[in-house]
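Structure first, commentary second.
Numbering (UniProt numbering), first residue to last: 1 to 363.
Quick look at the structure:
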């Protein structure tokens, strides 16, 4: 098993993925749980062999049954993403809970995700914060980044942006791609540090090079807007595409915007509509708002004011100021909903409080 790991990671010898696969296989045949788990990872990622999700799932299941913490975590990942099996969020929660009970740091952090997103359990931000804190205290780079998000946005705790910045720094220093991207956002927006677009761009680039979906999307935004680099719409489009392929809601939304407006590609309204739909299905307020815009203007679909209103309302309820202004407009004009000036004023006020200029002008 160890020789397989050395070949896999290039410890003391050159990386040889085929050799690593063969050695993991030999060790797995001797019922070594860790080797079985790693062999499953080889089938999942195509390391030294062809990708085979069904085989990866079966091996993760076997490793988990032998008590491997990594196997239990990876089996949860399979059920969450439908890798070699059907999606089963209840199973995901149970497996991460089991991993946590065995002392798995990754299991603790993953359980935090379940509480944060309501995966197989009710949303509980206090419990999510507690799990992230425990993982972070044990030095988990993912936990440090997630805990930073909690402090930045006030999730399960009071807002403390200084603490958030420090945690992102710690996570980034451990090489965590998501933490590197979060730190980049601090430099881009001036969160507890001076704005430094060049530094932000470099951090997003580093995160993107590690294959992180947030880093890829944020780097795409840099190329689209000229943040720390020259504008390059073709590059922006490519990066959004990569982020979207990894299931990033903002990447899907931004890619939809490219197809709607012809940024780095040809205009394709149907494609834009489909991408906004995917982003909306992931509860992206931007995606919901843009999908509503498609329905109200007949972009890639038929005009449907009622559907547009429902989508705007959903995004507005998530606190998105543009959508709040759009809901107000529809109440004011009786589009997709009965005319109601009182509710129009209510939503214009909500949007105006967030600095929306159109809403302020309407009031």
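C-beta: ideal position from N, C-alpha, C; glycine also.
Quick caveat, the model's predicted, so the values are computed rather than measured.
Note on residue 61: 16 or more other CB atoms within 10 angstroms of its CB, so buried under the neighbour-count rule. Between the alpha carbons of residue 57 and residue 296 lies a gap of roughly 44 Å. For residue 197, the CB contacts under 6 Å within the same chain, skipping 5 residues up- and downstream, are 227, 228 in chain order. For the 8 Å CB-CB criterion, residue 249 and residue 287 form a contact. Each residue's CA atom was taken as its position, placing residue 311 and residue 345 some 19 Å apart.
Restricted to the segment 225-282, the alpha helix (DSSP H) segments that are unbroken, complete and at least 4 residues in length are 233-245, 249-261, 269-281, listed in chain order.
The straight-line gap separating the alpha-carbon atoms of residue 136 and residue 363 is approximately 46 Å. Remark: C-beta atoms of residue 271 and residue 259 approach each other more closely than 8 Å.
Spatial neighbours of residue 299 in its own chain (CB-CB distance under 8 Å, excluding positions within 5 residues in sequence) are listed in chain order as 260, 269, 272, 273, 293. Shown here, residue 19 sits in a helix according to DSSP, grouped into three states. Of 252, 237, 238, the smallest CA-CA separation from residue 244 is found for 252. Taken atom to atom, the span from the alpha-carbon of residue 63 to that of residue 73 is near 10 Å. Taking the Cα positions, residue 107 is about 18 Å away from residue 178. Cβ neighbours of residue 340 within its own chain (closer than 7 Å, five residues either side excluded): 331. Here residue 280 is actually not in contact with residue 263; their C-beta atoms are around 20 Å apart, not less than 8 Å. The C-beta distance from residue 79 to residue 95 rounds to 7 Å, short enough to fall under 8 Å. One thing to note: residue 354 has its Cβ within 8 Å of the Cβ of residue 321.
When DSSP assignments are scanned along the segment 185-223, no uninterrupted stretch of beta strand (DSSP E) that is 3 or more residues long falls wholly within it. Boundaries of the alpha helix (DSSP H) around residue 296: 285-297. For residue 154, no alpha helix (DSSP H) encloses it, and the DSSP letter there is neither H nor E. DSSP places residue 107 within a helical segment (H, G or I) once states are collapsed to three. Per the coordinates, the alpha-carbon of residue 347 lies some 34 Å from the alpha-carbon of residue 130. Under the three-state reduction of DSSP output, residue 322 falls in the helix class. Collapsing the DSSP output to three states places residue 93 in a helix. Scanning its chain for C-beta atoms nearer than 8 Å, with the 5 sequence neighbours on each side dropped, one finds around residue 54 the residues 84, in chain order. For residue 130, the enclosing alpha helix (DSSP H) has its first and last residue at 125-137. Residue environment: residue 338 is assigned as exposed (fewer than 16 neighbouring CB atoms within 10 Å of its CB, all protein chains considered). Annotation: the continuous alpha helix (DSSP H) that includes residue 71 extends over 69-81. Comparing alpha carbon positions, the residue from 147, 68, 343 closest to residue 169 is 147.
Here residue 342 is exposed. Its C-beta has fewer than 16 other C-beta atoms within 10 Å. Taking C-beta separations shorter than 7 Å and ignoring five residues to either side along the sequence, the partners of residue 93 in its chain run 114, 119, 120, 121, following chain order.
Looking at 91, 99, 87, the one whose alpha-carbon comes closest to that of residue 66 is 99. Only residues of its own chain outside the window of five on either side were considered, and among them 8, 17, 20, 21, 41 have a CB closer than 8 Å to the CB of residue 47, listed in chain order. The C-beta distance from residue 230 to residue 207 rounds to 20 Å, too long to fall under 8 Å, and the pair is not in contact. For residue 75, the CB contacts under 7 Å within the same chain, skipping 5 residues up- and downstream, are 60, 61, 64, 95 in chain order.
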